[in-house]
Structures are given as structure tokens and as C-alpha cells.
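Engineer: In the UniProt record's numbering, the protein residues as written are 1 to 104.
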Amino acid sequence: MLPNKTIVTAGMAYYSQMHSTSGYMLQTLIDNGLGQQNIVAAYHPYSEYPEGDSVPDRDFLVRANAMNQLLHSNGVSQVWATEWGWSSYAGPVEMQRLIGTPGQ
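#1: Which term fits alanine 41, buried or exposed, when burial requires 16 or more other beta carbons within 10 angstroms of its beta carbon?
#2: For leucine 71, count neighbouring C-beta atoms within 10 Å of its own C-beta (all shown protein chains included) and say buried if the count is 16 or more, exposed if not.
#3: Whole angstroms is fine: what's the gap from residue 111's alpha carbon to leucine 61's?
#4: Are the CB atoms of arginine 58 and proline 45 nearer to each other than 8 Å?
#5: Return the chain-ordered list of same chain residues with a C-beta closer than 6 Å to the C-beta of valine 79, the five sequence neighbours on each side being excluded.
#6: Hey, does glycine 35 have any beta-carbon neighbour from chain C nearer than 8 Å?
#7: If you follow the beta strand (DSSP E) that alanine 10 is part of, which residue opens it and which one closes it?
#8: What are the start and end residues of the alpha helix (DSSP H) that includes valine 55?
#9: Mind checking which residues open and close the alpha helix (DSSP H) that includes threonine 82?
#10: Could you pull out every residue in the same chain whose Cβ sits closer than 6 Å to the Cβ of asparagine 74, ignoring the five residues on either side in sequence?
#11: Can you tell me which residues form a DSSP beta bridge with glutamine 17?
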């Protein structure tokens, strides 16, 4: 570790979910001692829609609060939501639905 320097994980998209594995990458880091390393955990709280993945449930805050609780309860002292937003990309849909510039 570098003295007097803040170390931050890479900002992991979609709360650190991956298509190729189940669960969260941040959980894997916790399982491998992230909370004992004095490293800031960072993630991108992307969701399908501005309200979250489920519009009626408005789960954006529910999911963010759950991730923050998971990290803090496992010894991570700082959690940063480092990027969020909705795509205005005009190409084919890959992951997120396209909200478009007017919808933002």
C-alpha cells in the first residue's frame, strides 16, 4: 500500500454483476478480504430504467442501499457510486434499454 494515498477498486458496472458469473464481483472481493484492506469500493449503479430495473418497484435506491449495506457490514469503510446514467447511444440495444436524450 502507498502511504497517505487512497486506493479505490475499479468502478464496477451494474452493481458489479457479470453475465458470465452469478452474484457480484464485489462479494467475491469481500470473500477475499476487501474489508480488511482499507480500500474504497466503487461501483456504477446502472439500471434498466431511471427508476431501477423494476419501474413499479422503483428499486434504484433499494439496490444501492443493499449494496452499500453489504460492503459496510463487511468492513469496507468507504463506498463510492462512481458513475450512473442512462444510455443515449443510437445503436442496437446491448445491455440497457435506450432512454435517449429526450428521456433523460
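From the three backbone atoms N, C-alpha and C, an ideal C-beta is built for every residue, glycine too.
Structural biologist: Quick answer:
#1: buried
#2: buried
#3: Lying outside 1 to 104, the shown extent of the chain, residue 111 is not represented and no answer is given.
#4: no
#5: Ala41, Asn68, Leu71
#6: Of the protein chains in the structure, only one exists, and it is not chain C.
#7: Per DSSP, alanine 10 belongs to no beta strand (DSSP E) and is neither H nor E.
#8: Counting along the chain, valine 55 falls outside any alpha helix (DSSP H), and DSSP gives it neither H nor E.
#9: Going by DSSP, threonine 82 is part of no alpha helix (DSSP H) at all; its letter is neither H nor E.
#10: Ile30, Gly35
#11: Tyr24
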